[in-house]
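Colleague: After the structure tokens below, expect a handful of questions from me.
In this note's numbering, the protein residues as written are 191 to 355.
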């Protein structure tokens, strides 16, 4: 779903969260009224099995303020996901996850990476000028982009470090 991926990448850019932290989000982690996201867990693969665990470090547990555009996308995606959930009825097996597969299960760990690279490759394929090409950065690069944007807007390094967990 395009809206789901758009919301994922906006969250990645504006929060600097790790992929696993974003994938572990449930709707209960998003506070629409206060425009925040609570980062308390992460998805990872252990011995081939996908599990939800505590964040990387104790300092990684945090509440992050979200810009209005991200909250707006969250509302749109939640509404669209709810309609879709109703349309497939008992096939939905999800547990309140924000980022899901077709049946409500948590989105695969590699999915955001593949979608991100597909977006970059599709964009680059349409460019006539080599100077317009985007580098094929890893998904984790959006975390660095978030830090750069925060620092360039005058946020002190200590605050940026805390925000990134």
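All C-beta atoms, glycine included, are put in the ideal place defined by N, C-alpha and C.
Since the structure is predicted, the reported quantities are computational estimates derived from the model, not experimental observations.
Express the C-alpha separation of residue 253 and residue 260 in angstroms, rounding to a whole number.
Modeller: Taking the first residue of the chain shown as position 1, residue 260 is located at position 70. Taking the first residue of the chain shown as position 1, residue 253 is located at position 63. Whole-angstrom Cα-Cα distance: 15 Å.
Colleague: Which same chain residues, not among the five before or five after residue 263, have their C-beta less than 8 Å away from its C-beta?
Modeller: For the purposes of this step, residue 263 is identified with residue 73 of the chain shown, where counting begins at 1. Answer for residue 263: 193, 196, 197 and 200, listed in chain order.
Colleague: Hey, residue 297 and residue 289: beta-carbon distance below 7 Å or not?
Modeller: Taking the first residue of the chain shown as 1, we reach residue 297 at position 107. Taking the first residue of the chain shown as 1, we reach residue 289 at position 99. Taking 7 Å as the Cβ cut-off, residue 297 and residue 289 qualify as a contacting pair.
Colleague: Tell me, please, which residues DSSP counts as bridged to residue 216.
Modeller: As a first step, residue 216 must be located in the chain shown, where it is residue number 26. The partner list for residue 216 (beta bridge, DSSP) reads 287.
Colleague: For residue 239 and residue 299, what's the separation of their Cα atoms in angstroms?
Modeller: If you number the chain shown from 1, residue 239 lands on position 49. If you number the chain shown from 1, residue 299 lands on position 109. Residue 239 and residue 299: Cα-Cα distance of roughly 11 Å.
Colleague: With DSSP as the reference, label residue 239 as helix, strand or coil.
Modeller: Within the chain shown, residue 239 is the residue found at index 49, counting from 1. The answer is strand: DSSP assigns residue 239 an E or B state.
Colleague: DSSP three-state label for residue 226, please.
Modeller: For the purposes of this step, residue 226 is taken as the residue at position 36 of the chain shown. Correct three-state label for residue 226: strand.
Colleague: Identify whether residue 246 lies in helix, strand or coil by the three-state DSSP scheme.
Modeller: On the chain shown, position 56 is the one that residue 246 refers to. Three-state DSSP puts residue 246 in coil, outside helix and strand.
Colleague: Which one of 204, 308, 225 and 337 has the shortest CA to CA distance from residue 326?
Modeller: Taking the first residue of the chain shown as position 1, residue 326 is located at position 136. Residue 326 has its Cα closest to that of 308, out of 204, 308, 225 and 337.
Colleague: Check residue 208 in the structure and name its three-state DSSP category.
Modeller: Here the question's residue 208 lines up with position 18 in the chain shown. In the structure shown, residue 208 sits in coil (DSSP, three-state: anything other than H, G, I, E or B).
Colleague: Determine the direct distance from the alpha carbon of residue 225 to that of residue 343, and round the result to whole angstroms.
Modeller: In the chain shown, residue 343 corresponds to position 153, counting from 1. In the chain shown, residue 225 corresponds to position 35, counting from 1. Taking the straight line from one Cα to the other gives about 20 Å.
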